[in-house]
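> What follows is a structure written as structure tokens; I'll ask about it next.
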Amino acid sequence: MSLLEEYSSKYMFKWHNIPYMKLSGLEPLIFTPDTNFVNVGERTNVTGSKKFLRLIKEENFEEAINIAREQVEGGAQIIDINMDEGMLDGEKAMVRFLHLIAAEPDISRVPVMIDSSKWSIIEAGLKCIQEKVLLTPFP
Numbered sequence: 031m032s033l034l035e036e037y038s039s040k041y042m043f044k045w046h047n048i049p050y051m052k053l054s055g056l057e058p059l060i061f062t063p064d065t066n067f068v069n070v071g072e073r074t075n076v077t078g079s080k081k082f083l084r085l086i087k088e089e090n091f092e093e094a095i096n097i098a099r100e101q102v103e104g105g106a107q108i109i110d111i112n113m114d115e116g117m118l119d120g121e122k123a124m125v126r127f128l129h130l131i132a133a134e135p136d137i138s139r140v141p142v143m144i145d146s147s148k149w150s151i152i153e154a155g156l157k158c159i160q161e162k163v164l165l166t167p168f169p
């Protein structure tokens with residue numbers, strides 16, 4: 031056995047040996063049978079929060095990021111992000127918001143849930159995410 035093989039087998043953590051769902055931001059989130067509840071922050075959703083919708087429409091992304099930060103500080107383990115709104119360029123807003131929160135370690139440490147009924151917005155969001163992400167079902 032080579033030195034590298036010996037080191038790898040002894041010290042390297044092997045994700046594929048964990049039989050549970052694994053998501054990641056900068057930190058991993060692993061769902062096990064003991065996971066009873068997962069707190070999903072849904073205030074970064076333009077269809078569920080009039081305040082967030084107003085901030086995105088006004089391109090006030092600094093305040094929009096603060097909403098995401100408050101969600102994480104309040105205990106959210108996953109951030110749900112939705113940019114589905116008829117008067118909004120959802121793809122552009124999703125990409126910009128995801129790029130901005132990726133630069134915030136206190137927010138990007140938790141996984142992201144891309145929430146959209148439009149494939150183009152989902153696809154745009156997936157191109158911005160390096161981690162394992164959740165997608166909400168769409169019709």
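Under this note's numbering, the first residue of the sequence shown is numbered 31, with each subsequent residue one higher.
Backbone N, C-alpha and C fix where the C-beta goes; we use that ideal spot for every residue, glycine too.
For D64 and Q107, I'd like the C-alpha separation in whole angstroms.
16 Å
> DSSP has D110 in a bridge; who is on the other side?
M143
> Using 8 Å for Cβ pairs, my map puts G155 next to M124. What's the rounded Cβ distance?
5 Å
> In terms of residues, what are the limits of the alpha helix (DSSP H) holding I152?
Start and end: W149 to L156.
> Express the C-alpha separation of P49 and N75 in angstroms, rounding to a whole number.
31 Å
> Could you spell out where the alpha helix (DSSP H) holding L53 opens and where it closes?
Careful: L53 lies outside any alpha helix (DSSP H), inside the beta strand (DSSP E) at K52 to S54.
> Looking at G71: is its Cβ nearer than 9 Å to the Cβ of I95?
no
> Given a threshold of 16 other Cβ atoms within 10 Å of its Cβ, counted over all protein chains shown, does E101 qualify as buried or as exposed?
For clarity, residue 101 is Gln in the given sequence; the question names Glu instead. Classification of Q101: buried, given that the 10 Å Cβ count is 16 or more.
> According to the neighbour-count rule (16 or more other Cβ atoms, all chains shown, within 10 Å of its Cβ), is I131 buried or exposed?
buried
> Leaving out the 5 sequence neighbours to the left and right, which residues in its chain are closer than 6 Å to E121 when beta-carbon positions are compared?
S150, I151 and A154
> Take D114 as the anchor and find which of C158, L83, E103 and A98 has the nearest alpha-carbon.
L83
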